[in-house]
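A.B. asks:
Number of protein chains: 2
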Amino acid sequence: MLVQRRRPTIHDVAAVAGVSRGTVSRLLNGDKYVSTSAKVAIERAIAETGYVVNRNARSLVTQRTGSVVMVLSEPQEKLFEDPNFSVLLRTATRRLAERDVSLVLMIAADDSDRDRVVRYVRGGHADGVLLISTHAGDPLPDRLSDIPVMAVAQGAVLGRENVIPYAAADDREGARQMTRYLAGQGRRRIATITGPLDTPGGALRLAGFCDVLGRRAAKRLIEHGDYTQLGGESAMARLLERAPDIDAVFVGSDLMAAGALSTLRAAGRRVPDDVAVAGFDDSAVAMTTHPPLTTIRQPLARVAEETVGLLLGLIDGAEYTGPVILPTELVVRESA
Amino acid sequence: MLVQRRRPTIHDVAAVAGVSRGTVSRLLNGDKYVSTSAKVAIERAIAETGYVVNRNARSLVTQRTGSVVMVLSEPQEKLFEDPNFSVLLRTATRRLAERDVSLVLMIAADDSDRDRVVRYVRGGHADGVLLISTHAGDPLPDRLSDIPVMAVAQGAVLGRENVIPYAAADDREGARQMTRYLAGQGRRRIATITGPLDTPGGALRLAGFCDVLGRRAAKRLIEHGDYTQLGGESAMARLLERAPDIDAVFVGSDLMAAGALSTLRAAGRRVPDDVAVAGFDDSAVAMTTHPPLTTIRQPLARVAEETVGLLLGLIDGAEYTGPVILPTELVVRESA
DNA sequence: CGAGTCTCTGTGAACGTGCACAGTAGCTCA
DNA sequence: TGAGCTACTGTGCACGTTCACAGAGACTCG
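If you're matching them up, the sequences are chains A and B in order.
Residue numbers for the first sequence follow this note's numbering, so the first one is 114 and each next one is one higher.
Residue numbers for the second sequence follow this note's numbering, so the first one is 114 and each next one is one higher.
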């Protein structure tokens, strides 16, 4: 490799290869009209100079950036504790890396964060936006839709299902599966602890629960949590107070279910003998609780993959044909 | 705001404000020689046109990118389950966003990943590199040091402590704290389950353990895990087999400690009565185990903050004065 | 054999900035 | 009054690419 204080440019490569920079550019961008002799000379020159294309210069003229911004909208900072997120991040990074698209991470918890995101995207620094855990009422989706950029969400954006394309696990059907299972086990007084109702996981899992039990019958046996363990504990306590005779509870997340287990244990209820406890997510915590949780597994990796695929497709000009909804799976352990 | 099909440039702003683009550029970059009349005119023009600076064009000339790449080197894909990582990611994002530096995320699990990272950095697309969980023997730090770019690690890069600047929790002293505590509780046969020895958490916590007990005495009571719950289970089983009379075990992570608890329970040992179990990290799982874990809390947010601060400082031309090591804290719960 | 293809190549212009430079106007002071 | 400041402004050029265009040579076919 040549000694170089300045980073080599396409001109240097062209000079070394004995061709013009146009030819080098053509080879780099996969144009078909490049002779094999030029091709080998250029490839050799690239290796020799250690050339790597300057993306800034490129996107200055192409108006394409080769990068995508992932926006995390999680005011309560709980997102990172969410195991689902880990899978998403890993999968997305991989999938994008394969296409040589780089991933910029941004957090949009307050207004100034959102301003920054909008400024960044308006500045044309990303070809697409990946919206993660965007709650109902978040102003970001609407602000983004004014900008000529592709946006896609993981999980439905409640209230904007028809505006923002998305991929998601079938939360509603998953909740139905679990509720049916509990009923099938002979449980008669089935309660539920939901996540926040402005999240798809909160609203849709409750909807699935009600689909099976009927809104009427279930009305009095609904409590709301915030996806934290402590939230699960207190929701379970409220539930026990209001309806001491419950014999099953479907909890909207494994972490909250772990909290519910503590409350039940403290109250002297045996699980599953007195009260069956069911979670949702099949996260790592589901196996560390005592007893291990019966739960619903989401195909998280596939959801993430489909989300990224959707975005990449749209950027390439594909047509959006509706959300991608993936099936869930019941995992029976000991808690129910 | 004006109707615009093309994104407004600095020329447009200059035209609207009735000044030259040089003056606009000066205002944007904080040059002191801008008259107040020009200033208000330009600010009004920026608001009116919705102008936002094109970073590509800017970094084309400045050779600065305003972005930093975070490289995750975790071959076993376990990183994302690591709660420490969540804190890091959150803190880093925030801290960088304050300075309007954007964060690009890359995974470097195999050689082709590493090539991609090197290509990216060599291409001049980042002002700095944040190395996360880089193991001993990873070729990346050396490859990066050939490139004129600042690199900083979170946690020591074993074998390259003097090459790559870093910030970290005081793993070794934390391990000493815990070992002393166990000894102080009257435990006589204290074993340890370490993390992988090519990670600082594995090597340094073991070192701290040996500092207190002496390498000799402890020799036979060391088992190695891989930071997973299952790894903790099997390491504990091996330990029980080799030394059935142990009355305490210092486990290198909470997750492995959770595994150790299962094994002990299955073996009919009471915790902490028969065997004391101590973890490390004070992660979320420490409170969900039964009994809750006595563990070592790391100042993760501060570590992350210092890591990012270090990098930002170096980019701005500050001198590196040695690693930043932050103190840990003993958290006593019920398991020991 | 001339016109029309196909393959391949080089060149000028443009993308949107920052920076160095040259310049102007007003002020101070000898 | 003129030299030397200070405060401010405009302009040309460079950064490293891609793209449209023009053109050269070889080959095909009526």
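All residues carry an ideal CB built from backbone N, CA and C; glycine is no exception.
Since this is a predicted model, take the numbers as computed values, not measurements.
Could you give the DSSP three-state label for residue 124 of chain A: helix, strand or coil?
C.D. replies: Your numbering for residue 124 of chain A matches position 11 in the first sequence. Of the three classes helix, strand and coil, the one that applies to residue 124 of chain A here is helix, per DSSP.
A.B. asks: What do you reckon, are the CB atoms on residue 284 of chain B and residue 321 of chain B nearer than 8 angstroms?
C.D. replies: On the second sequence, residue 284 of chain B is found 171 positions in, with the first residue counted as 1. On the second sequence, residue 321 of chain B is found 208 positions in, with the first residue counted as 1. Yes. Within cutoff.
A.B. asks: Given that a residue counts as buried once 16 or more other Cβ atoms are within 10 Å of its Cβ, and exposed if not, what is residue 167 of chain A?
C.D. replies: Walking along the first sequence from the start, residue 167 of chain A turns up at place 54. By the neighbour-count rule (16 or more Cβ atoms within 10 Å), residue 167 of chain A is buried.
A.B. asks: Between the C-alpha atoms of residue 344 of chain B and residue 230 of chain A, what's the straight-line distance to the nearest angstrom?
C.D. replies: Looking up residue 344 of chain B in the second sequence gives position 231. Looking up residue 230 of chain A in the first sequence gives position 117. Distance between the alpha carbons of residue 344 of chain B and residue 230 of chain A is about 41 angstroms.
A.B. asks: Leaving aside the five residues before and after residue 382 of chain B along the sequence, list all residues of the same chain whose C-beta is less than 7 angstroms from its C-beta, in chain order.
C.D. replies: Taking the first residue of the second sequence as 1, we reach residue 382 of chain B at position 269. Only 388 meet the Cβ criterion.
A.B. asks: Are the CB atoms of residue 209 of chain B and residue 169 of chain A within a distance shorter than 8 angstroms?
C.D. replies: By 1-based counting over the first sequence, the position of residue 169 of chain A is 56. By 1-based counting over the second sequence, the position of residue 209 of chain B is 96. Contact flag unset, no.
A.B. asks: Classify residue 131 of chain B as buried or exposed, calling it buried when 16 or more other Cβ atoms lie within 10 Å of its own Cβ.
C.D. replies: By one-based count along the second sequence, residue 131 of chain B stands at place 18. That one is exposed.
A.B. asks: Along the chain, where does the beta strand (DSSP E) that runs through residue 216 of chain A open and close?
C.D. replies: On the first sequence, residue 216 of chain A is found 103 positions in, with the first residue counted as 1. Start and end: 215-220.
A.B. asks: Helix, strand or coil: which one does DSSP assign to residue 264 of chain A?
C.D. replies: Locating residue 264 of chain A in the first sequence gives position 151, where the first residue counts as 1. Residue 264 of chain A: strand per DSSP, three-state reduction.
A.B. asks: How would you write the range of the beta strand (DSSP E) that residue 408 of chain B sits in, first residue to last?
C.D. replies: Numbered from its first residue, the second sequence carries residue 408 of chain B at position 295. Here the beta strand (DSSP E) through residue 408 of chain B covers 408-410.
A.B. asks: What does a CB cutoff of less than 7 angstroms around residue 109 of chain B pick up in its chain, not counting 5 residues either side in sequence?
C.D. replies: Outside the displayed range of chain B (114 to 449) lies residue 109 of chain B, so it cannot be described from this structure.
A.B. asks: Under 9 angstroms Cβ-Cβ, which residues of chain A neighbour residue 379 of chain B?
C.D. replies: Here residue 379 of chain B refers to the residue found at position 266 of the second sequence. Near residue 379 of chain B there are no residues of chain A at all, since even the closest Cβ is about 12 angstroms away, more than 9 angstroms.
A.B. asks: Beta carbons nearer than 8 angstroms to chain A: which residues of the segment 221-254 of chain B have them?
C.D. replies: Within the segment 221-254 of chain B, the qualifying residues are 226, 229, 232, 233, 235, 236, 237, 238.
A.B. asks: Which residues in the same chain as residue 358 of chain B place their Cβ atom closer than 6 angstroms to its Cβ, once the five residues preceding and following it in sequence are excluded?
C.D. replies: Counted from its first residue, the second sequence places residue 358 of chain B at position 245. Excluding sequence neighbours, residue 358 of chain B sits near 302.
A.B. asks: Taking Cβ-Cβ distances shorter than 8 angstroms, what residues in chain B pair up with residue 140 of chain A?
C.D. replies: Locating residue 140 of chain A in the first sequence gives position 27, counting from the first residue. Ordered by position in chain B, no residue passes the 8 angstroms Cβ test against residue 140 of chain A, which lies about 17 angstroms from the chain.
A.B. asks: Taking the CB atoms as reference points, tell me whether residue 412 of chain A and residue 282 of chain A lie closer together than 8 angstroms.
C.D. replies: On the first sequence, residue 412 of chain A is found 299 positions in, with the first residue counted as 1. On the first sequence, residue 282 of chain A is found 169 positions in, with the first residue counted as 1. Taking 8 angstroms as the Cβ cut-off, residue 412 of chain A and residue 282 of chain A qualify as a contacting pair.
A.B. asks: Can you list, in chain order, the residues of the segment 313-347 of chain B whose Cβ is nearer than 9 angstroms to any Cβ on chain A?
C.D. replies: Here the close residues are 342.
A.B. asks: My parser needs the alpha helix (DSSP H) runs of 4 or more residues fully inside the segment 230-257 of chain B; what are they?
C.D. replies: Runs found: none.
A.B. asks: So if DSSP puts residue 180 of chain B in a beta bridge, which residue, or which two residues, is it bridged to?
C.D. replies: To locate residue 180 of chain B, count along the second sequence from 1; it is residue 67. DSSP lists B:215 as partners of residue 180 of chain B.
A.B. asks: If residue 305 of chain A and residue 349 of chain A are in contact, beta carbons under 8 angstroms, what's the gap, nearest whole angstrom?
C.D. replies: Indexing the first sequence from 1 puts residue 305 of chain A at position 192. Indexing the first sequence from 1 puts residue 349 of chain A at position 236. The Cβ separation is near 11 angstroms, so there is no contact.
A.B. asks: Counting only beta-carbon atoms, is residue 189 of chain B nearer than 8 angstroms to chain A?
C.D. replies: The residue you call residue 189 of chain B lines up with position 76 of the second sequence. Caution is warranted here: a pLDDT of 48 is assigned to residue 189 of chain B, below 50, making its placement in the model unreliable, and no coordinate value can be reported.
A.B. asks: If the cut is a Cβ gap below 7 angstroms, which residues of chain A does residue 218 of chain B touch?
C.D. replies: Residue 218 of chain B sits at position 105 when you count from the first residue of the second sequence. The contacting residues are 206, 216, 218.
A.B. asks: Could you pull the DSSP bridge partners for residue 442 of chain A from this structure?
C.D. replies: Start at 1 with the first residue of the first sequence, and residue 442 of chain A comes out as number 329. In DSSP, residue 442 of chain A forms a bridge with A:410.
A.B. asks: Do residue 460 of chain B and residue 365 of chain B have their C-beta atoms closer together than 8 angstroms?
C.D. replies: Because chain B is modelled from 114 through 449, residue 460 of chain B falls outside the range shown and cannot be assessed.
A.B. asks: Any residues in the segment 157-177 of chain B with a beta carbon nearer than 8 angstroms to a beta carbon of chain A? Which ones, in chain order?
C.D. replies: Under the 8 angstroms Cβ criterion, the segment 157-177 of chain B contributes 163, 165, 166, 167, 168, 169, 170, 172, 173.
A.B. asks: For chain B, is any of its Cβ atoms less than 8 angstroms away from the one on residue 210 of chain A?
C.D. replies: The residue given as residue 210 of chain A occupies position 97 in the first sequence. Output row for residue 210 of chain A: interface = yes.
A.B. asks: Using a 10 Å radius around the Cβ and a threshold of 16 neighbouring Cβ atoms, would you call residue 189 of chain A buried or exposed?
C.D. replies: Here the question's residue 189 of chain A lines up with position 76 in the first sequence. With a pLDDT of only 48 at residue 189 of chain A, under 50, the local geometry of the prediction cannot be trusted, and the value read off the model is given with reservation. Classification of residue 189 of chain A: exposed, given that the 10 Å Cβ count is below 16.
A.B. asks: Is residue 378 of chain A buried or exposed, if buried means 16 or more other CB atoms sit within 10 Å of its CB?
C.D. replies: For this step, residue 378 of chain A is matched to residue 265 along the first sequence. Result: exposed.
A.B. asks: State the Cα-Cα distance for the pair residue 147 of chain A and residue 431 of chain B, rounded to the nearest angstrom.
C.D. replies: The residue labelled residue 147 of chain A in the question sits at position 34 within the first sequence. The residue labelled residue 431 of chain B in the question sits at position 318 within the second sequence. In a straight line, the C-alpha of residue 147 of chain A is about 48 angstroms away from that of residue 431 of chain B.
A.B. asks: For residue 73 of chain A, go through chain B and note every residue whose CB falls closer than 7 angstroms to its CB, in chain order.
C.D. replies: No answer is possible for residue 73 of chain A: it lies beyond the span of chain A, which begins at 114 and ends at 449.
A.B. asks: Near residue 356 of chain B, which residues of its chain fall below 7 angstroms by C-beta distance, leaving aside the five closest residues on each side in sequence?
C.D. replies: On the second sequence, residue 356 of chain B is found 243 positions in, with the first residue counted as 1. Once the five neighbours on either side are set aside, the close Cβ partners of residue 356 of chain B are 302, 304, 333, 334.
A.B. asks: To the nearest angstrom, how far is the alpha carbon of residue 440 of chain B from that of residue 346 of chain B?
C.D. replies: Here residue 440 of chain B is taken as the residue at index 327 of the second sequence, counted from 1. Here residue 346 of chain B is taken as the residue at index 233 of the second sequence, counted from 1. Going by the C-alpha atoms only, they are around 29 angstroms apart.
A.B. asks: Return helix, strand or coil for residue 390 of chain A, following the three-state DSSP convention.
C.D. replies: What you label residue 390 of chain A is simply residue 277 of the first sequence in a count that begins at 1. Strand at residue 390 of chain A.
A.B. asks: Got a sec, what are the start and stop residues for the beta strand (DSSP E) residue 147 of chain B sits in?
C.D. replies: Residue 147 of chain B sits at position 34 when you count from the first residue of the second sequence. Per DSSP, residue 147 of chain B belongs to no beta strand (DSSP E) and is neither H nor E.
A.B. asks: Could you check what DSSP says for residue 206 of chain B in three-state terms: helix, strand or coil?
C.D. replies: As a first step, residue 206 of chain B is located in the second sequence; it is residue number 93 there, counting from the start. In this structure, residue 206 of chain B counts as helix in the three-state DSSP scheme.
A.B. asks: Is there a Cβ from chain B that is less than 8 angstroms from the Cβ of residue 124 of chain A?
C.D. replies: As a first step, residue 124 of chain A must be located in the first sequence, where it is residue number 11. Not closer than 8 angstroms to any Cβ of chain B, the Cβ of residue 124 of chain A fails to qualify, so no.
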